[in-house]
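Residue numbers (this note's numbering), protein chains in the order written: chain A, 1 to 879; chain B, 880 to 1758.
Glycine included, every Cβ here is placed at the ideal spot set by N, Cα and C.
Structure first, then comments.
2 protein chains.
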Amino acid sequence: MAEPYVVRFEEGSKEDQARLGGKGAGLAEMTRLGLPVPPGFVVTTDACRAYMKLGGVFPAGLEEEVWQAVGELERQTGKRLGDQERPLLLSVRSGAQVSMPGMMDTVLNLGLNPATAEALGRRAGQRFALDCHRRFIQMFGNVVLHLEHDAFESILREERAAQGVASDPELDEAHLRRIIDRYLELVERVSGGAFPQDPRRQLLLAVRAVFDSWQNPRAKVYRRVHGISDDLGTAVTVQAMVFGNLGPSSGTGVLFSRDPSTGARELYGEYLAQAQGEDVVAGIRTPRPIAQLALDMPQVHRELERVARLLEEHYRDMQDVEFTVEDGRPYVLQTRAGKRSAAAAVRVAVDLAHQGWIDRAEAVRRVTPEQLDQLLHPGVHPDAANEVLARGLPASPGAATGRIVFDADTAERLGRQGERVILVRPETTPDDIHGIVAAQGVLTTRGGMTCHAAIVARGMGKPCVVGCESLRVDVQGREVRVQGGVLGDDEVISIDGSTGRVFRGSVPMIQPGMGEETLELLAWADGIRRLGVMANADTPEDAELARRFGAEGVGLCRTEHMFMARDRLPVVQAMILAEDQAQRSAALDRLMPMQEGDFYGILKAMAGLPVAIRLLDPPLHEFLPDIEELAVEVALLDERGEQWSEEYQRKSAVLHKARQLAEFNPMLGFRGCRLGLIHPEIYRMQARAIFRAAARLVREGVDARPEVMIPLVSEPREIEAIRRDVAQVHEEVARESGVALPLVVGTMMEVPRACLLADRIARHVDFLSFGTNDLTQTTFGFSRDDAEGKFLTRYLQDGILADNPFAVLDREGVGQLVAMGVARARSVKPAVRAGVCGEHGGEPRSIAFCHQRGLTYVSCSPYRVPLARLAAAQAALEG
Amino acid sequence: MAEPYVVRFEEGSKEDQARLGGKGAGLAEMTRLGLPVPPGFVVTTDACRAYMKLGGVFPAGLEEEVWQAVGELERQTGKRLGDQERPLLLSVRSGAQVSMPGMMDTVLNLGLNPATAEALGRRAGQRFALDCHRRFIQMFGNVVLHLEHDAFESILREERAAQGVASDPELDEAHLRRIIDRYLELVERVSGGAFPQDPRRQLLLAVRAVFDSWQNPRAKVYRRVHGISDDLGTAVTVQAMVFGNLGPSSGTGVLFSRDPSTGARELYGEYLAQAQGEDVVAGIRTPRPIAQLALDMPQVHRELERVARLLEEHYRDMQDVEFTVEDGRPYVLQTRAGKRSAAAAVRVAVDLAHQGWIDRAEAVRRVTPEQLDQLLHPGVHPDAANEVLARGLPASPGAATGRIVFDADTAERLGRQGERVILVRPETTPDDIHGIVAAQGVLTTRGGMTCHAAIVARGMGKPCVVGCESLRVDVQGREVRVQGGVLGDDEVISIDGSTGRVFRGSVPMIQPGMGEETLELLAWADGIRRLGVMANADTPEDAELARRFGAEGVGLCRTEHMFMARDRLPVVQAMILAEDQAQRSAALDRLMPMQEGDFYGILKAMAGLPVAIRLLDPPLHEFLPDIEELAVEVALLDERGEQWSEEYQRKSAVLHKARQLAEFNPMLGFRGCRLGLIHPEIYRMQARAIFRAAARLVREGVDARPEVMIPLVSEPREIEAIRRDVAQVHEEVARESGVALPLVVGTMMEVPRACLLADRIARHVDFLSFGTNDLTQTTFGFSRDDAEGKFLTRYLQDGILADNPFAVLDREGVGQLVAMGVARARSVKPAVRAGVCGEHGGEPRSIAFCHQRGLTYVSCSPYRVPLARLAAAQAALEG
């Protein structure tokens, strides 16, 4: 027998989330727990999927099931839909399996029309009924009939102005009637038909609108950003209305069973008197803290506290509860796992594990790698004397600096150009998502901790300050007024989402350490994970930092940055410009001790742990000035008749060499081990510097563990030849120094051919490190530098690619090569170590892939090491 | 029982080539046929391999076997090694399985020392014995003791000068004694020991030297160039001497059973009186044609003619026979398949098949693809009035133009820089091989048709003129004197290897057609092959040419060259520089009819056959001027205060756009289908032009078969989206024109990811074309433009790579991806066509690979189509 399309709250439970959506399953569960939930039913996601499959037509039987459930509701409430005495009013809300705040649409007060409003007014007061009717037309007009939200708001604004009142509750009955008339006129004018007054038709249209809203562009963007499948569909909850706008002892609010910023175990939330549900979430009026309710209605507050505790224990997680107080009686309208800051996530998880409500594995599962990453976001340095412009609510932790932008499109455009921007808005709406994605941080003048901007920014780990009411934002005029001054859109500000402060200009930042709970959680993660976590570090400072963050060694130490250092570059250039072997050797002789010093520091910082040092990788022309600039300079000197000047001679010579070395496609050019094979003296110098530094340390009693890594191998004979050379230097240094360290040589797997020939390559190496950045470039044939600016963004927008392959490892293509490489290498050398270095090594989904495919380790930037430890543990728990 | 290390001629046959080498097996076979072969034996390749494996030590038992065989020889000849009355003299020669002319070393007259020379003198004349002794010391000294050839030659020159004689035969006994003394002194001084006078020791040293010579650098180069395994080893033939230098009725020569240039069935060869074997091959003295012998010694000539006929029939192939006439009696010293020109190869193969000596498959096997290619080499236009500088012997057909170079190193250096050079030498030696490889052609002033330069050049298919005695080459002075004039090494000459003419400057060339025999052979090949052969053609002219050469369609029609045409480029640039959609559309509207015309012509030329048209592939910046030049021009205009000029404005604008479009790695950049997806209007215009041209042709009664090919696909959704677009245009044109052609869409497989995801890609296409040039670039991570100049040559020299992967398809890496791509595509669409286009499609080894892996077709340049047809047939015969 087919599953029913409609499920009454009494019939469901929290296990039915896939069919009932998160909201519906929560309401069903709370109904079972005996909590005060207004009765209702759920139209399931099965119905939505069937509707989508039929191309926007209700499946057979759905309507009948809905009317049956409505009938049941009418029996439960003693009211009837469309009844002219006791009209049943409904709240119709979407509820997908995964919470998508602000993404989907809601209609309250459904069932109202002139006749039922009149009846409602008779029972609960005319003004209240008119307020409900006004709200209903506006919501239904916007959500179901697709009229602009602002078209209604501007009527409201005009009427407020005309009446000289500041807020909606001040509007009287006459005003509201006038507004309702104007609303109905507006709907008729714009939609070309009368407003549907039949409550049954209203209900079917609303269900259809919820189903349709699953496919609206902002929902799609949200799902893409959060990796949610487009196929899930949404459920619709239909519930008897309770009214927060019934009078001064009514209201609506949101509460958390803990503080979502810190995780502290205290009731937290906000309350807006004489308001309906969406008023709080939309952040249009600034609500009062929940503590206020304890003074105003202590009994209601106590009851809510009991509900929150009960739900937290029942769900074994911090809960985010929507409630409405109708005439002094609290109702629970929704419960879900509460969104939380990174710090709160860690604290709650560790806390619950200590309480014994969840085990350690579950605690490790409870914190996302992104949240952990957020904990390591920069904060504002406490000692710096910064000019505080304003203070708002600390809505999402971390600090950020950027140029002011006033709209999402500009944020996106400048962001794409690499500019750091702060999105400054009176409030944000779902239409601003792409701007929040592009911005470093978000600042709003309105809204509370649970407003749209706050929730979205927390989800993305972006610093956010909301409700900063001392700022006046003029979006049209592109300026912010503050303390008598004005900031334009060419000025830079900083925000601190952990404290709510806003600063003029950029401010000194600090890197926060990790709290005790984080360390504890990571220790649990380390006990679970099987994937090693190393760090990419090019300096002793980075190596120390990585070690503090728990890195088990350095998986990638790049040597080119050392060559680029201000004091080295002239020597490097002298080596490149050398006209004969003697000049080249002289330059290399000068570089050797410098390199030895570099390696000494890093090996020392990583004492007892391996350090894989990659020999020189970039093409030599990267160390020379830009050809175009040089050509212009030389042409101008020529034009000025200065052909005989020393400057002309020197620049001409450099230009000549730069032209000789210039390449059409440097990414695929004369670099990596190719350079090492044609100019073996460079790699020999580097190998010597490495082994000498290590020998010196060993003589000083330090356990130095250098490993030599050869970049860009495409052919087994390359690594064979270089290994031979390196081994010879190793032997020479051992002889000179009397210190015999083991020789460990690895190779970077960065081109497809290396993966295809990994069995033959493995014979010559002790480990393989997949350089997935370059491997992605060669597997796709995408130059990263060119692709991201020129076509990749469009590819992601148009759904040609689901993820940016430079951010998330492409499992289908690049991943296939990695897996092939590991399998082939292990077929001849079963114990060979294989890792991934590069940015994918610090990206959770890519880390999960590495775990699944049996890689030995990932290597990532020091700041991503904790994240990688957690992600690796979660991958182990998944598998 | 182990195989013996020594085999007497009587014991072997032509089947034993692997063990006896080509020379030894030939001598054995001729001995069995009862031909006049001086008796002897062969030290086998087994012995050589054992010797190499032991690191240069004779294997146990070898020496004993040698002395046994020598004993047998002594019995047969009635002479004894070292005997002071009737000394046995030996010729010791190398003989590998595969003929390696001039690569290996030979010692004649072995067994001589003062005492045996004295004895020989008593029996055959003192002067003769001294001449032999002189020759022996020189050869042994050079080949076995490794003294410089020139050290001996300069003594010889000094003595000739001192005696005032021009040639060696004029030297008298006293002179020769003096020369011998000086030779012995020289050996003692340079080698630090006395010349070995014991004949047995001489023999062992000579055998050892032959074995060692297998490993000498020039032999290795020859093997690498010709793809011969280093593991084969060489045999050594030891044979009783016969003497071509015994007097005027003695001599030595080489003859062919047919004319090696034309294949005509007439005795051909050269003869040098009073000379020993190597004098002819070395090309030091210019020999007389064999016809001369018919006049001088008619009976000898008749006997040789009989031998040649008999051997040709016996071996069923044209033979190259070495002979020596001793005192009026001819001896055969070697027979082998004769090297021949391409024309001769075809004629001989077809002729032998007609005679029924070989079947058609064997005839197809007998001609190498390279030979066929040579037939299509340019020749000098017969009608052009060119200044003929000189005439030499037409040693290897085809014509070439290039700058004069006088030594192999310079030829290689300039060749690597892309310069076309002609190597001009008095004569060439094996040390010049790398210069011949690098040159367009070879010109020598000495030597005959069988001299080193001639044989090597023919083998490589390079035009070659030898024995051009009217030229005087001064290698030191770097000039050629001719007809009172002088040519330096900065001048250009042309040579015609088919006629022997040398021209000043470059001359007009023609492309020869194919003769009837070639057409017949190719028809046989077509009957054998299973791989299709298509052509790459961008113009109607190319398409017609390809069709004449037997192409079964166009496998790749590039459209970018059409965009580059002088009249198109400004319109293309206008499209690129367009500031809005309207401007861009206007430019595309202008391009459309031009493109339609292009396609009309090509589709018409290929009526009845498919034409795969690749939509625009290169990045747009390729159509704009060079940034560096523009930047300099703009900077100079600025310096001159011309910022307000129209030129400055225009150039600045173009510079700005060019900078916007510039890419770090264009090869991996915004090109191919990426361009097509972001600017769909370009592909739509091209698709419309294709379908309109085809519709027009169909209405005119022409069977047009266009196919649309999408470049650089890396993701199935790319081809899916573009196919949708193209299908829409296809439908529109069908509606407009009323002509409904089938829609055929294919994709280029040019990046590894396409191969890895070929199953998903195949669902959207009708055919796959592997663009192995780009696939090689991405699989190796080699930019072709950069690699070849910067490291690939060294990689080949150092043996890191065996072949240039851009010339010969890399089976291990790139080939693996191609095979994977074909297999995966066919797993979902078993009949999907799959081909290789690009240069590999015209390279025989790559063609063989394509056949083996079941590809449907190859596509190559029109001139390589015949070669591809032959190579495909040969691959089918192999498999």
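Residue range of the unbroken alpha helix (DSSP H) whose run includes residue i
i	result
A:Asp526	Glu516 to Ile528
B:Cys927	Thr924 to Lys932
B:Cys1552	Cys1552 to Ile1557
B:Leu906	Gln896 to Arg911
Residue i CB to nearest heavy atom of the ligand GDP below 7 angstroms
i	result
B:Gly1580	Within the structure as shown, the ligand GDP is missing, as the structure has no ligands at all.
CB of residue i within 8 angstroms of CB of residue j, strictly
i	j	result
B:Arg1006	B:Asp1047	no
B:Ala1747	B:Val1243	no
B:Ser892	B:Glu908	yes
A:Asn109	A:Phe136	yes
B:Val916	B:Val1211	yes
Partner residues on chain A for residue i, Cβ-Cβ distance less than 9 angstroms
i	result
B:Met1546	Phe664, Asn665, Met667, Leu668, Gly781 and Ser783
Cα-Cα separation between residue i and residue j, rounded to whole angstroms
i	j	result
A:Met1	A:Thr45	With a pLDDT of only 46 at A:Met1, under the threshold of 50, the placement of this residue in the model should not be trusted; the figure read from the coordinates follows. Roughly 17 angstroms separates the two Cα atoms.
A:Ala235	A:Arg49	9 angstroms
A:Arg547	A:Leu522	14 angstroms
A:Val388	A:Val502	6 angstroms
B:Leu1534	B:Leu1509	6 angstroms
A:Gly879	A:Leu870	14 angstroms
B:Met1564	B:Asn1544	27 angstroms
Interface residues of chain B facing residue i [CB-CB closer than 7 angstroms]
i	result
A:Arg794	Ile1557
Option nearest residue i by Cα separation, candidates the options
i	options	result
B:Arg1550	A:Gln797, A:Ser783 and A:Leu27	A:Ser783
B:Gly1744	B:Pro1248, B:Ala1430, B:Glu1149 and B:Gly1660	Note that residue 1744 of chain B corresponds to Val in the displayed sequence, not to Gly. For the residues B:Pro1248, B:Ala1430, B:Glu1149 and B:Gly1660, the minimum Cα distance to B:Val1744 belongs to B:Ala1430.
A:Pro289	A:Glu303, A:Gly269 and A:Pro830	A:Gly269
A:Tyr863	A:Gln581, A:Gln371 and A:Ala689	A:Gln371
A:Thr252	A:Met297, A:Leu176, A:Ala219 and A:Ile228	A:Met297
A:Gln355	A:His377, A:Arg336, A:Gly392 and A:Glu313	A:Glu313
B:Leu1082	B:Arg1208, B:Phe920 and B:Glu964	B:Phe920
Chain B residues whose Cβ lies nearer than 9 angstroms to that of residue i
i	result
A:Val632	Glu1507, Ala1510, Val1511, Val1513, Ala1514 and Leu1515
Residues that residue i contacts on chain A, provided the C-beta gap is smaller than 7 angstroms
i	result
B:Gln1695	Leu756
B:Gln1656	Leu668
Residue i - containing beta strand (DSSP E), residue span
i	result
A:Cys850	From DSSP, A:Cys850 is part of no beta strand (DSSP E) but of the alpha helix (DSSP H) over Pro844 to Gln852.
B:Ile1059	Note, B:Ile1059: premise wrong, no beta strand (DSSP E); alpha helix (DSSP H) at Glu1052 to Ser1070.
B:Pro1489	Pro1489 to Arg1493
A:Val708	Arg705 to Ile710
Neighbour list for residue i in chain A, Cβ cutoff strictly below 8 angstroms
i	result
B:Ile1679	Leu677, Glu715, Arg717, Glu718 and Ala721
B:Gln1502	The question names Gln, but residue 1502 of chain B is Phe in the sequence shown. Those within 8 angstroms of B:Phe1502 in chain A number zero; the least Cβ separation is about 16 angstroms.
| Which residues, in chain order, does the stretch 1590 to 1616 of chain B contribute to contact with chain D at a C-beta distance below 8 angstroms? | The chain inventory of the structure shown lacks chain D, comprising the protein chains A and B.
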